[in-house]
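Heads up, the thing below is written out as structure tokens.
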Amino acid sequence: MEKDRKRDKKMIYLCAISNISSGNCSEDCKFCTQSAHYNTNINIYKEKSIDEIITEAKIAKQNKAVGFCLVTAGKGLNDKKLEYICEVAYIIKKEVEISLIGCNGTASVEQLKELKKAGIENYNHNLETSKEFYPYICSTHTWDERFQTCINVKEVGLNLCTGGILGLGESEKDRYSMLNSIKELNPMSIPLNFYIPNDKLPIKNTQITKDEALFWIKEYRKNFNSMIMIAGGRELIFAEEWIEAINAGANSIVIGNYLTTAGEKINKDLEYIKKYGLEIAKDCNG
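Written out as structure tokens, the structure is:
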């Protein structure tokens, strides 16, 4: 009977983010507060101290996160940034039993191999939107570069996490186009973000409703067995009702803060999970 009750529970995967290098990005992505093209008044720093990152990783583990994502601002990896991320990853793996995710922009096969050697197991590089709509939100690099990085991730044997942002002004056709492109990549995890407006960014409003968000979560679940994460914008779109996203097919959330915006208080999320009888996964395989 106890086993049957456990099987009936919905499994949820928790992930935490550490913004280890923030701001001053050369790219002009119209949705991103880290772009140097827009004066968004975020905290800017080149390298977070390793001690601080280790502390964050330990807190994430204590709060039952199975994944810990090391995020750096900028278009992609260079030698110095690669060396820093590898050092951070190597030390975390010695001190904290948690799955590491790299999120460091465009990356070559050779660079990804180095991350893998250092202990990175997963790599997140979002397509963001459709190939057709991408030129309307970014002019400093192409969507094809993003797609190629995702291919590179799979080539080196890292688990791929790729998704995008809904509510940028894209059409329904664009949303299906992004879904179909993600389908070509067959990722382990699909982060679905909902645009968080900032008055200094060119895109002023979130152009998606809660009902639309639920529709797209259901569409992704119909098309994928992958982990589906409701990430940035969860609080904005769903507020206290994000169980609806879980019931629609999502099975992962980010706990704690996002890159430059505050997330829900962790203890509040954990209480919510308990209230709705969700079972927290103990590792990436459940």
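Mapping of the sequence shown onto our numbering: position 185 corresponds to residue 913, and the numbering continues sequentially without gaps.
Positions of the beta carbon are idealized from the N, C-alpha and C atoms, including for glycine.
By the Cβ rule, the segment 925 to 933 does not count as touching the segment 968 to 987, because fewer than three pairs are nearer than 8 Å.
If the five residues before and after asparagine 880 are omitted, its C-beta is found closer than 8 Å to the C-beta atoms of Ala835, Ser836, Val837 and Leu840, all from its own chain and listed in chain order. With 16 or more neighbouring CB atoms inside 10 Å of its own CB, threonine 890 falls in the buried class. One Cα belongs to isoleucine 826, the other to cysteine 760, and the distance between them is close to 28 Å.
Within 10 angstroms of the beta-carbon of proline 863 lie fewer than 16 other beta-carbons, which makes it exposed. Beyond the five residues adjoining it in sequence on each side, asparagine 752 comes within less than 6 Å, by CB distance, of Ala764 and Ile772 in the same chain, given in chain order. Remark: C-beta atoms of cysteine 831 and cysteine 878 do not approach each other more closely than 8 Å.
Annotation for lysine 938: Ile965, Phe966, Glu969 and Glu972 place their beta carbon closer than 8 Å to its own, counting only its chain and skipping 5 residues before and after. Distance check between threonine 783 and each of Ile819, Phe922, Glu849 and Asn767 places Ile819 closest, using alpha-carbon atoms only. At the C-beta level, alanine 978 and isoleucine 956 come within 8 Å of one another. Within the segment 775 to 837, the complete alpha helix (DSSP H) runs of at least 4 residues fall at 778 to 790 and 807 to 823. Taking valine 816 as reference, the option from Ser899, Ile1001 and Lys776 with the minimal CA-CA separation is Lys776.
In the displayed model, serine 754 falls within coil according to three-state DSSP, outside both helix and strand.
Listed in chain order, the non-local C-beta contacts of isoleucine 945 below 8 Å within the same chain comprise Leu920, Ile956, Ile958, Ala973, Ala976, Gly977 and Ala978, local neighbours out to five positions each way being set aside. Counting along the chain, asparagine 850 sits inside the beta strand (DSSP E) bounded by residues 850 to 852.
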